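Sequence positions in the sequence shown follow my numbering and run 1 to 152. Note that the Cβ used here is the ideal one computed from N, Cα and C, for glycine as well. Note that the structure is predicted; figures quoted are calculated from it, not measured. Written out below as structure tokens is the structure these notes cover.
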Amino acid sequence: MAKRRPGGRDGVAGLPAAALVDGPSQRQLRVGELLRATLIEVLQREELRDPELTGLRLTVSEVRVSPDLKQATCFVWPFGLPAAALRDRRPALRQALARAAPWLGSQLAGRVRLKFAPRLSFVLDESFDRAERMEHLLKDLTLSQGDGESEP
């Protein structure tokens with residue numbers, strides 16, 4: 001009879017098999033994408049009553065789900081707001097999204113069939129802001145290189 005490892009059937013060096021996997025599981029990715037699509041649908045069809053969020057079009061870029069599927073971090077970005085206006089409103093937007101999280105979670109729970117409705121938390125996705133800054137830097141670089149070539 002073979003001896004069982006302390007970490008489970010597939011464990012190595014006493015670690016459980018789940019601890020050896022890098023990144024999210026396929027289930028986490030599928031549930032995250034399902035929650036993202038459903039959240040986009042809710043944000044498009046339902047009106048958020050928070051004055052800070054009224055009239056904003058929120059883009060949901062990603063939803064990361066915890067391994068137990070009970071927590072979901074939603075990465076959102078207010079679409080169409082100028083960067084200068086957004087800089088002043090970031091703290092208020094974070095608070096408004098935190099206030100809206102329970103209601104949005106209940107909307108998701110009614111539309112998505114999961115054993116547990118995940119607890120939502122919202123993070124402003126800085127990748128859009130970084131991409132815009134990179135675009136401006138590249139544009140400036142292209143313009144400065146174009147000016148240098150025209151001189152003899």
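Residue range of the unbroken beta strand (DSSP E) whose run includes residue i
i      : result
Leu120 : 119 to 124
Residue i - containing alpha helix (DSSP H), residue span
i      : result
Leu197 : There is no way to answer for residue 197, as the model of the chain reaches only from 1 to 152.
Where residue i falls: helix, strand or coil (DSSP)
i      : result
Ser61  : strand
Thr142 : helix
Pro67  : coil
Pro51  : coil
Pro102 : helix
Leu114 : coil
Leu81  : coil
Gly129 : Before going further, note that residue 129 is Asp rather than Gly in the sequence given. In this structure, Asp129 counts as helix in the three-state DSSP scheme.
Asp88  : helix
Reference residue i; option with closest CA among the options
i      : options                        : result
Pro67  : Arg45, Leu143, Leu43, Arg119   : Arg119
Val31  : Val112, Glu126, Asp129, Gln107 : Val112
Val123 : Leu43, Ser144, Leu108, Leu97   : Leu97
Asp205 : Pro78, Arg99, Thr59, Ala109    : Beyond the ends of the chain as shown, which are 1 and 152, falls residue 205; an answer cannot be given.
Thr184 : Lys139, Asp140, Gln95, Cys74   : Outside the modelled stretch of the chain, which goes from 1 to 152, sits residue 184, for which no answer is possible.
Glu62  : Glu135, Asp125, Val42          : Asp125
Arg94  : Val42, Phe116, Glu46, Leu53    : Leu53
Residues sharing a beta bridge with residue i, DSSP
i     : result
Val76 : Val60, Leu124
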